[in-house]
Each structure stands twice: as structure tokens, then as C-alpha cells.
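Student: Dropping the structure in here first, questions after.
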Amino acid sequence: MKKALLIAAHLTDAVLCAGGTFARLSRDGIQTRWLIVGCENCAPDILAGIRRALGIAEILQSDLANIAAAVASFDPDVVFSHWHGDPDADHRIVGEAVDGCFLAGRGGKAVSRIAMDIDPAMTGLADTAGSLFVPNMFSDIAATIEQKIMALRQLPRATAHLWTEAAVRESAAAWGRQCGLAAVEPLRIVNKVN
């Protein structure tokens, strides 16, 4: 069975960036796991609600020091995490830690590294740092956007990213218009390493 791992600085980031993608992967029979580094919203009822909404097998809490061990123990085929050039320092640090796992090699197994970034249009915040995130992969979430919205409803409203359901839907539709799909999450294939 194929395995997909998402490593994020915060639970909100995981849902906003790739919630629809992971709902689709789970629906398609891929074994899914999330590893959240800064887990301020990780109350058991919140985690359970997000797991149910998206079909995620496990959502675990970790710290930066244990990322490499978490990647090795799950042995994923694909790892999603923040883009190494993310203007948010905590996102960038997590992305760089994940990239470090790849630099160390994966023992001959080919593993894809997918980068994600929060679309400033979803949060209503300006992209003041001039992010250079350029997606080269568009994940079709037309069939799972409602699951993503349900997962977002599980989060407390006082989160770091001031998203609205309408903005999340419009972001997915706007990215979708760029590639001829109804709703997508923009991602970036960073590399595939052995």
C-alpha cells in the first residue's frame, strides 16, 4: 500500500494547504498520516473531528528533533510539507527540516517531496514578503472540498490564519481556473530522491 505523510508547522496549515488532497488520497486507499510540529490546536476532539472529516488514519504531534525519525518509521512514498522558501519563519524551518531528511538519503527507496504554501487570498492577509512559491502540480479537490471545509470547521476560530469558507472555496476555484478544473490545491513537486 502506498503511504503519504504530511508534516506541518500547525494543524491549520495542514488543512488549508492539503486537506482536500489528503481526503482524496485517503479515499483512494493511500495510507495517510499527518505530523504536526506546533500543535496548539491539537485537543483530542479536534484531531478526531479532522481525522473523520478527511479520512486521515493518524494525526500525531512531534517536534523538529523527531522529524527524521518520524519519516523513517512511517516509510512514506510521498512527503508533503512547507516550501523551504516560505516567508513564515516557522513554516520555513519545518520545510527545511523535512528537506534535510531527503538530503540524508532514503536507503534506495524513491520518495517524492511535495511543497505546499498557504494562498494569501484564503486568509485575507497580504503576501507582504513576496512569496515566490510557484506551483507545478494542481491537486484536484472538486470531490473533496466539502470534506476540507468540514475539517476547517473543527478548528477554533482564533487561529493564526484568518480564513473564511468563502475565501477557501474561491482560492480553490481560482487555482482550478488556471488548469481547467473546478477546485484545486496548488502544490509543488520539489524532488524525487532515492
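Position one of the sequence shown corresponds to residue -7 (our numbering), numbered consecutively onward.
All residues carry an ideal CB built from backbone N, CA and C; glycine is no exception.
Within the chosen definition, does the segment 44 to 63 reach the segment 169 to 178 through at least 3 CB pairs nearer than 8 angstroms?
Tutor: Under the 8 angstroms Cβ criterion, the segment 44 to 63 does not count as touching the segment 169 to 178, having fewer than three qualifying pairs.
Student: Using the Cα positions of residue 116 and residue 165, report the straight-line distance between them to the nearest angstrom.
Tutor: Here residue 116 refers to the residue found at position 124 when the sequence shown is read from its first residue. Here residue 165 refers to the residue found at position 173 when the sequence shown is read from its first residue. In this prediction, residue 116 scores a pLDDT of 47, lower than 50, which makes its location untrustworthy; no coordinate-derived value is stated.
Student: Here's the rule: buried if 16 or more other CB atoms are within 10 angstroms of the residue's CB, otherwise exposed. What is residue 12?
Tutor: Indexing the sequence shown from 1 puts residue 12 at position 20. By the 10 Å Cβ count, residue 12 comes out buried.
Student: In angstroms with no decimal places, state the Cα-to-Cα distance between residue 68 and residue 141.
Tutor: Walking along the sequence shown from the start, residue 68 turns up at place 76. Walking along the sequence shown from the start, residue 141 turns up at place 149. Straight-line Cα distance between these residues: approximately 26 angstroms.
Student: Which of helix, strand or coil does DSSP assign to residue 176?
Tutor: Working through the sequence shown from its first residue, we reach residue 176 at position 184. Strand, per DSSP.
Student: State the Cα-Cα distance for the pair residue -1 and residue 73, rounded to the nearest angstrom.
Tutor: Start at 1 with the first residue of the sequence shown, and residue -1 comes out as number 7. Start at 1 with the first residue of the sequence shown, and residue 73 comes out as number 81. One C-alpha to the other measures close to 5 angstroms.
Student: Please go through the same chain and pick out, in chain order, the residues whose beta-carbon is closer than 6 angstroms to the beta-carbon of residue 167, but skip the five residues on each side of it.
Tutor: Here residue 167 corresponds to residue number 175 of the sequence shown, with the count starting at 1. Cβ neighbours of residue 167 beyond the five flanking positions: 176 and 178.
Student: Pick from 181, 169, 182 and 145: whose alpha carbon is nearest that of residue 7?
Tutor: For the purposes of this step, residue 7 is identified with residue 15 of the sequence shown, where counting begins at 1. Residue nearest to residue 7 within the set 181, 169, 182 and 145 is 145 (criterion: CA-CA distance).
Student: Determine the burial state of residue 30: buried for a count of at least 16 other Cβ atoms within 10 Å of its Cβ, exposed for fewer.
Tutor: Numbered from 1 along the sequence shown, position 38 holds the residue referred to as residue 30. Label assigned to residue 30: buried.
Student: Please go through the same chain and pick out, in chain order, the residues whose beta-carbon is closer than 7 angstroms to the beta-carbon of residue 82, but skip the five residues on each side of it.
Tutor: Here residue 82 corresponds to residue number 90 of the sequence shown, with the count starting at 1. Only 1 and 30 meet the Cβ criterion.
Student: For the alpha helix (DSSP H) that residue 167 lies in, which residues bound it at each end?
Tutor: For the purposes of this step, residue 167 is taken as residue 175 along the sequence shown, with counting starting at 1. Looking at the DSSP string, the run of the alpha helix (DSSP H) that includes residue 167 is 157 to 171.
Student: Determine the burial state of residue 57: buried for a count of at least 16 other Cβ atoms within 10 Å of its Cβ, exposed for fewer.
Tutor: Taking the sequence shown and counting its residues from 1, one reaches residue 57 at position 65. Flag for residue 57 reads exposed.
Student: For residue 108, list the residues DSSP reports as bridge partners.
Tutor: To locate residue 108, count along the sequence shown from 1; it is residue 116. DSSP, once it has assigned bridges, lists 74 and 179 as partnering residue 108.
Student: Which same chain residues, not among the five before or five after residue 111, have their C-beta less than 6 angstroms away from its C-beta?
Tutor: Here the question's residue 111 lines up with position 119 in the sequence shown. Within the same chain, residue 111 has close Cβ partners 163.
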